[in-house]
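If you use my numbering, the sequence shown closes out at 367, no skipped numbers anywhere. We treat Cβ as the ideally placed atom computed from N, Cα and C, and that holds for glycine. What follows is a set of notes on a single structure, which appears directly below.
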Amino acid sequence: MSTQQFTNQNNASAGNSSAVRVGVLGFGGLGQAAARVLAPKHEMLWVAAADQKGYACNPEGLNPDACIKVYQSQGSLGYLEPAGRLSSNSIADLIENASVEGYFLALPNLPNTFMASVARQFIQSGWRGVLVDAMKRTSAVEQMLELQDELQEAGITYMTGCGATPGLLTAAAALAAQSYAEIHRVKITFGVGIANWEAYRATIREDIAHMPGYNVERAMAMTDAQVQALLDETGGLLTLENMEHADDIMLELAGICSRDQVTVGGVVDTRNPKKPLSTNVQITGRTFEGKISTHTFTLGDETSMAANVCGPAFGYLKAGVMLHRRGIYGLFTAAEVMPQFVR
Ligand code: NAD
Numbered sequence: 025m026s027t028q029q030f031t032n033q034n035n036a037s038a039g040n041s042s043a044v045r046v047g048v049l050g051f052g053g054l055g056q057a058a059a060r061v062l063a064p065k066h067e068m069l070w071v072a073a074a075d076q077k078g079y080a081c082n083p084e085g086l087n088p089d090a091c092i093k094v095y096q097s098q099g100s101l102g103y104l105e106p107a108g109r110l111s112s113n114s115i116a117d118l119i120e121n122a123s124v125e126g127y128f129l130a131l132p133n134l135p136n137t138f139m140a141s142v143a144r145q146f147i148q149s150g151w152r153g154v155l156v157d158a159m160k161r162t163s164a165v166e167q168m169l170e171l172q173d174e175l176q177e178a179g180i181t182y183m184t185g186c187g188a189t190p191g192l193l194t195a196a197a198a199l200a201a202q203s204y205a206e207i208h209r210v211k212i213t214f215g216v217g218i219a220n221w222e223a224y225r226a227t228i229r230e231d232i233a234h235m236p237g238y239n240v241e242r243a244m245a246m247t248d249a250q251v252q253a254l255l256d257e258t259g260g261l262l263t264l265e266n267m268e269h270a271d272d273i274m275l276e277l278a279g280i281c282s283r284d285q286v287t288v289g290g291v292v293d294t295r296n297p298k299k300p301l302s303t304n305v306q307i308t309g310r311t312f313e314g315k316i317s318t319h320t321f322t323l324g325d326e327t328s329m330a331a332n333v334c335g336p337a338f339g340y341l342k343a344g345v346m347l348h349r350r351g352i353y354g355l356f357t358a359a360e361v362m363p364q365f366v367r
């Protein structure tokens, strides 16, 4: 597949038949950011989105500002005029009604089996195309691995773990590993700053699930008031260590190191958009000459979580479309395939 096929003649994606038609499932913090990330792109056109109560689709393209306004004021894209529909089965309805080559799944993985159930829904629907998730837990990616053959048979190219961590930082580790003959350690430390937790409810609940004494079920069952009370106790900070993060299984599957050599932790500040620390990944190994060294890849402090998740997600979606158009289906991780830059 040449990059030519992604190049548009005119600069607007709307009405441009060569732009890849994409959809976003989930229209919370990341889903809305995804719509904004796509707006200036000409190689992709955002035509479909779903939230828990409804969906919207328009083959000519959706307007991010209008969609975000309706979602924030009325609670669902289903109220969007004229492209919205309310539905209690929004994902299934969107799959049936929209013509989309690839979806970014910006959905909560609550319970921990939810994303795998969505993947099964796509398989059963007969839809063919590219799916990208930004899932975080090792056990969630393991469920996807079990679906590998079914995805392949269904003609779906599924890119898993394609956010920031896992995602961008895992891919950076895979790249950095090339300097070494042997990898000793991959250490991911993230700093996230968001102005208020309500903008990213699922992300924060899923992070709470990693705290001592909590698990996914408990975090999922917490009311917003209970989350707020917990954050009041911690001064708005979540400090996380030794998280169950799929960077480990992804690097193991890519043959780079064993999963127990990978550690992930970080600090989330839910009351300040400034990062509490600089997100980085350190890759320590031994070169062929016997030198022990560490590469460090640090994200710019000005880059937000949304930028570092949605950018890679669409970069992997573009890579997935390339694979899909060549007839390559099945499951891939962010450590296995290079993301492609979406223009
Ligand atoms: P959010 O809570 O802000 O929004 C979730 C959205 O999903 C809402 O629009 C909701 O209506 C919709 N939704 C829920 N159930 C649905 C259903 N059954 N059908 C259709 N829509 C449904 O979520 P968020 O904070 O944007 O997080 C999304 C996901 O991204 C989380 O799973 C989070 O862990 C993940 N994430 C990954 C990374 C990474 O680096 N890999 C970073 C941040 C977040």
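Give a single yes or no on whether S114 has its beta carbon closer than 7 Å to a heavy atom of the ligand NAD. Within the sequence shown, residue 114 is the residue found at index 90, counting from 1. Indeed, a heavy atom of the ligand NAD lies less than 7 Å from the Cβ.
Using the Cβ count rule (16 or more neighbours within 10 Å means buried), how would you classify V207? For this step, residue 207 is matched to residue 183 along the sequence shown. Note on residue identity: the sequence assigns Ile, not Val, to residue 207. With 16 or more Cβ atoms within 10 Å of its Cβ, I207 is classed as buried.
Going by beta carbon distance, what residues of the same chain come within less than 6 Å of F321, once the five residues before and after it are set aside? The count along the sequence shown starts at 1 and reaches residue 321 at position 297. Closer than 6 Å at the Cβ level, and outside the excluded window around F321, lie A196 and V305.
Is the separation between the beta-carbon of L192 and that of N332 shorter than 8 Å? Counted from its first residue, the sequence shown places residue 192 at position 168. Counted from its first residue, the sequence shown places residue 332 at position 308. Yes. Within cutoff.
Inter-residue spacing [alpha-carbon to alpha-carbon] between V48 and K315: Here residue 48 corresponds to residue number 24 of the sequence shown, with the count starting at 1. Here residue 315 corresponds to residue number 291 of the sequence shown, with the count starting at 1. For V48 and K315, the distance between alpha carbons rounds to 46 Å.
Can you give me the Cβ contacts of V292 inside the same chain, cut-off strictly under 6 Å, excluding the 5 residues immediately before and after it? Looking up residue 292 in the sequence shown gives position 268. So the qualifying residues of the chain are V216, D231 and L262.
Buried or exposed: L296, going by 16 or more other Cβ atoms within 10 Å of its Cβ? Your numbering for residue 296 matches position 272 in the sequence shown. Here the sequence assigns Asn to residue 296, which means Leu is not the residue at that position. So N296 ends up on the exposed side.
Would you report the Cα separation of G309 and G344, rounded to the nearest angstrom? As a working mapping, residue 309 is identified with position 285 in the sequence shown. As a working mapping, residue 344 is identified with position 320 in the sequence shown. Rounded to the nearest angstrom, the two C-alpha atoms are 30 Å apart.
Assuming the contact rule is C-beta atoms closer than 8 Å, F138 and A337 should be a hit. Round their C-beta distance to whole Å, please. Within the sequence shown, the letter at position 114 stands for residue 138. Within the sequence shown, the letter at position 313 stands for residue 337. Contact doesn't hold; Cβ gap of about 17 Å is too wide.
Give me, in chain order, the residues of the same chain whose beta-carbon lies closer than 8 Å to that of N241; leave out the 5 immediate sequence neighbours on both sides. As a working note, residue 241 is residue 217 in the sequence shown. Inspection of the sequence shows that residue 241 is occupied by Glu rather than by Asn. P135, listed in sequence order.
Per-residue DSSP class, three states only, for N35: By 1-based counting over the sequence shown, the position of residue 35 is 11. The predicted model places N35 with a pLDDT of 35, which falls under 50 and marks its position as unreliable; any figure quoted below should be read in that light. In this structure, N35 counts as coil in the three-state DSSP scheme.
Rounded to whole angstroms, what is the Cα-Cα separation between A72 and Q250? Against the sequence shown, residue 72 aligns to sequence position 48. Against the sequence shown, residue 250 aligns to sequence position 226. Spanning the two alpha carbons is a distance of roughly 33 Å.
Tell me which residues share the same chain as T303 and place their Cβ nearer than 6 Å to its Cβ, disregarding the 5 neighbours each side in the sequence. The sequence position of residue 303 within the sequence shown is 279, counting from 1. F214, G215 and L323, listed in sequence order.
Return yes when at least one heavy atom of the ligand NAD lies under 7 Å from the C-beta of N304, else no. Your numbering for residue 304 matches position 280 in the sequence shown. No.
Member of V361, H348, V366 and Q364 whose CA lies at the smallest distance from the CA of I180: Here the question's residue 180 lines up with position 156 in the sequence shown. Answer by Cα proximity: H348.
When the Cβ atoms of the region 115-131 are set against those of the region 56-72, are three or more pairs found closer than 8 Å? yes
To which residues of the same chain is A200 closer than 8 Å at the C-beta, ignoring the five residues directly before and after it? For the purposes of this step, residue 200 is identified with residue 176 of the sequence shown, where counting begins at 1. Counting only Cβ-Cβ distances below 8 Å, and skipping sequence neighbours, we find V305, I307, H319 and F321.
Using the beta-carbon count (16 or more within 10 Å), is L169 buried or exposed? For the purposes of this step, residue 169 is taken as the residue at position 145 of the sequence shown. Looking at its Cβ environment, which holds fewer than 16 other Cβ atoms inside 10 Å, L169 is exposed.
With H, G and I counted as helix, E and B as strand and the rest as coil, what does DSSP make of C91? Position 67 of the sequence shown, counted from the first residue, corresponds to residue 91. DSSP places C91 in helix when its eight states are reduced to three.
Outcome for D271 when other beta-carbon atoms lying within 10 angstroms are tallied against a minimum of 16: Counted from its first residue, the sequence shown places residue 271 at position 247. So D271 counts as buried.
Please return the same chain residues whose Cβ sits closer than 8 Å to the Cβ of G279, not counting the five positions on each side in sequence. Along the sequence shown, one-based indexing puts residue 279 at 255. So the list is empty, once near-sequence residues are dropped.
Taking the runs of the beta strand (DSSP E) that are 3 residues or longer, which of them lie wholly in the region 213-290? 261-264
Rounded C-alpha distance that separates A245 from E265: As a working mapping, residue 245 is identified with position 221 in the sequence shown. As a working mapping, residue 265 is identified with position 241 in the sequence shown. Straight-line Cα distance between these residues: approximately 22 Å.
What do you get for N239, buried or exposed, if any count of 16 or more other CB atoms within 10 angstroms of its CB means buried? The residue given as residue 239 occupies position 215 in the sequence shown. Label assigned to N239: exposed.
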